[in-house]
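Under full-length UniProt numbering, residues 1 to 182 are what the sequence shown spells out, in order.
Positions of the beta carbon are idealized from the N, C-alpha and C atoms, including for glycine.
Notes to accompany the following structure.
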Amino acid sequence: MAHEKEAAISLDPPVGPYDHVLGPPEAELTLVEYGDYECPYCRDAAPVLGAVRERFGDRLRFVFRHFPLHEVHPHAIAAALAAEMAGFEGRFWEMHESLFAPGPPRLGQDDLRAHAATAGVRPERVVWPATRLAEDRVEAGFNAAVRSGVRGTPTLFVGGERYRGDVSVEALSAALDPALRP
């Protein structure tokens, strides 16, 4: 029926040990982003999500999962692979922050090498052929996104359920903590 409420879409799989997580694993609140490093909307959301993380501190665990929209963003897969390769060296979040640095995306092969150097990763580790090691991981993330109903970026999940509100500090904060709702 046209007027039926759309069924809640849940995160599949739930947050686990394979995820890139900022914040304590036992945090009471969870925010998951499916993102694409070349997506202008993800780039706009990055400082908002940073402010939300700062606002909630240790009450929040933030998770980033890849959903590279390669048909419209030709560098998205290479950037996701570079981030995963940095993750293999314990530098995922440093690479993530560098890839989402303010300004237009810089995601060509030479740019990825420069991001790696900024993140403290050997530059040759984040470009092909080294990135073949991360292909399965990025593909698995993409497939999980599809199972979770993700169609675009950024797509956010609050407490395991799809978030459909504004991507603003106020709206996300209210979704995460009902005590903050007006």
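Cα separation between Cys39 and Pro13?
-> Rounded to whole angstroms, Cys39 and Pro13 show a C-alpha spacing of 23 Å.
Which of helix, strand or coil DSSP assigns to Ser168 | Coil.
Cutoff 8 Å; reference Glu135; Cβ partners in own chain excluding five residues on either side = Result list for Glu135: Leu81, in chain order.
Could you work out which residue in Ala86, Gly90, Ala130 and Trp128 is closest to His115 when comparing CA atoms only?
-> When each option's Cα is compared against that of His115, the closest is Ala86.
Throw me the rounded Cβ distance for the Arg53 and Tyr34 pair, which I believe falls under 8 Å.
-> Wrong, their Cβ atoms sit about 17 Å apart, outside the cutoff.
If you compare alpha carbons, which of Ala45, Val121 and Gly23 is closest to Pro102?
-> The option with the nearest alpha carbon to Pro102 is Ala45.
Measure the Cβ-Cβ separation of Ala76 and Leu99 and say whether it is below 8 Å.
-> One thing to note: Ala76 has its Cβ no nearer than 8 Å to the Cβ of Leu99.
Could you name the residues that DSSP lists as bridge partners for His20?
-> DSSP links His20 through a beta bridge to Phe64.
Hey, is the region 17-29 in contact with the region 48-63, meaning 3+ C-beta pairs nearer than 8 Å?
-> Output reads yes: the region 48-63 touches the region 17-29.
Rounded C-alpha distance that separates residue 184 from Asp58 | The displayed coordinates of the chain run from 1 to 182. Any statement about residue 184 would go beyond what the structure contains.
Kindly indicate which three-state DSSP category Glu89 falls into: helix, strand or coil?
-> Assignment of Glu89 by DSSP, reduced to helix, strand and coil, places it in the coil class.
Contact under 8 Å by Cβ, Arg151 with Gly120 | Taking 8 Å as the Cβ cut-off, Arg151 and Gly120 do not qualify as a contacting pair.
Roughly how many whole angstroms lie between the Cα atoms of Leu176 and Tyr41?
-> For Leu176 and Tyr41, the distance between alpha carbons rounds to 21 Å.
Nearest-angstrom Cα separation, counted from Ser168 out to Phe88 | Cα to Cα, Phe88 sits roughly 31 Å from Ser168.
In this structure, does DSSP put Tyr37 in helix, strand or coil?
-> If DSSP states are grouped into helix, strand and coil, Tyr37 belongs with coil.
CA-to-CA distance, Phe56 to Gly23, given in whole angstroms = Using only the alpha carbons, I get a separation of about 10 Å.
With a Cβ-Cβ cutoff of 8 Å, do Val138 and Glu84 count as a contact?
-> Contact flag set, yes.
What number of angstroms, rounded off, separates the C-alpha of Ala2 from the C-alpha of Glu161?
-> Model confidence at Ala2 stands at a pLDDT of 40, short of 50, so the residue's coordinates are unreliable; what they give is reported in the following sentence. If I take the Cα positions, the gap works out to 22 Å.
Where Lys5 falls, given that 16 or more other Cβ within 10 Å makes a residue buried | Summary for Lys5: the model assigns pLDDT 43, below 50, so the residue's position carries little reliability; its value from the coordinates is reported in the next sentence. A residue is called buried when at least 16 other Cβ atoms come within 10 angstroms of its Cβ; Lys5 does not meet this threshold and is exposed.
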